[in-house]
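With this note's numbering applied, the sequence shown has no gaps in its numbers, which climb one by one up to 224 at the end.
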Amino acid sequence: MELFNNLALGFDTAFTLQNLMYCFIGCLLGTLIGVLPGLGPVATIAMLLPATYALPPIAALIMLAGIYYGSQYGGSTTAILLNIPGETSSVVTAIDGYQMAKNGRGGVALFTAGMGSFFAGCVATLVLAAFAAPLTELAFKFGPAEYFSLMVLGLIGAVVLASGSLIKAIGM
C-alpha cells in the first residue's frame, strides 16, 4: 500500500503545470541535441546541466529526465530517417526503421519508436518502484563474503560469455 501512496505523491508532484512545462522544455531541448549523431543522452545532459542550476530541485530532476528521454528519442530519429544511429541503443532501431522510412513509412516508424519507448519506460519505472525497497533491504544485508561471491560470479560470467581463447578472456 505504501507503494501506491508514494506513486500518488509522485504523480501529484509531477503533474503540476510548472513541472509539466519543465518536462516539455527538457524533452524539446533533449530531442534537438539528441538528434545530432554521436551526442547521446550522457553528452546531452552534460551540456544542458547548467540550465537546471537555478531551478528548484524537483523541477531540475524532472527537466533532466525530460532531457534524457528526449535525447534518446532524438537518437532513434536519426537512426530511422538517416540510418545513422546516434547512440548504441539506436542501432537496432536503424535496422528496421530505416527500411520503413525508405518504403515511405517513416512516420509510422517514428511513432512506433516513440510509443514503444514511452510504454517501456512506464513499465520499467513501475517495476523499479515496486522492487526498489526489497532490493535495498537485501543490499544492506550484504557483507564482505557476499560482495566477493558476487564479484567472482560476475568474472565467471564474463569469461563464459567472452569469445575466443580462455586465456584472453581471463586477462580481460
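Idealized CB from N, CA, C, for every residue including glycine.
{"Item": "Cβ-Cβ distance between ILE114 and LEU81 below 8 Å", "Value": "no"}
{"Item": "DSSP state of THR140 mapped onto helix, strand, coil", "Value": "helix"}
{"Item": "Local Cβ density within 10 Å of GLU198, reported as buried at 16 or more and exposed below that", "Value": "exposed"}
{"Item": "Pairwise C-alpha distance: LEU207 and GLY159", "Value": "44 Å"}
{"Item": "Length of the line joining the Cα atoms of GLY90 and GLN151", "Value": "21 Å"}
{"Item": "Per-residue DSSP class, three states only, for GLY209", "Value": "helix"}
{"Item": "Runs of alpha helix (DSSP H) lying entirely within the stretch 55-102, each at least 4 residues, in chain order", "Value": "69-86 and 93-100"}
{"Item": "Rounded Cβ spacing between ILE97 and LEU69 (contact assumed at less than 8 Å)", "Value": "Their Cβ separation, rounded to whole angstroms, is 24 Å, which puts ILE97 and LEU69 out of contact at 8 Å."}
{"Item": "Burial state of THR65, where buried means 16 or more other Cβ atoms lie within 10 Å", "Value": "exposed"}
{"Item": "Same chain only: Cβ atoms within 7 Å of THR177, ignoring 5 sequence neighbours per side", "Value": "none"}
{"Item": "Continuous alpha helix (DSSP H) stretch holding PHE183: start and end", "Value": "158-192"}
{"Item": "Rounded distance between the beta-carbons of SER123 and ILE85, thought under 8 Å", "Value": "6 Å"}
{"Item": "Beta carbon of ALA153 nearer than 8 Å to that of LEU133", "Value": "yes"}
{"Item": "Neighbour-count burial assignment, CYS174, 16 or more Cβ in a 10 Å radius", "Value": "exposed"}
{"Item": "Own chain residues within Cβ distance below 8 Å of CYS75, not counting five before or after", "Value": "ALA66, ILE114, MET115, ALA117 and GLY118"}
{"Item": "Coarse secondary structure for TYR121, derived from DSSP in three states", "Value": "helix"}
{"Item": "Reference GLU139, options ALA161, PRO108 and ALA95, closest by Cα", "Value": "ALA95"}
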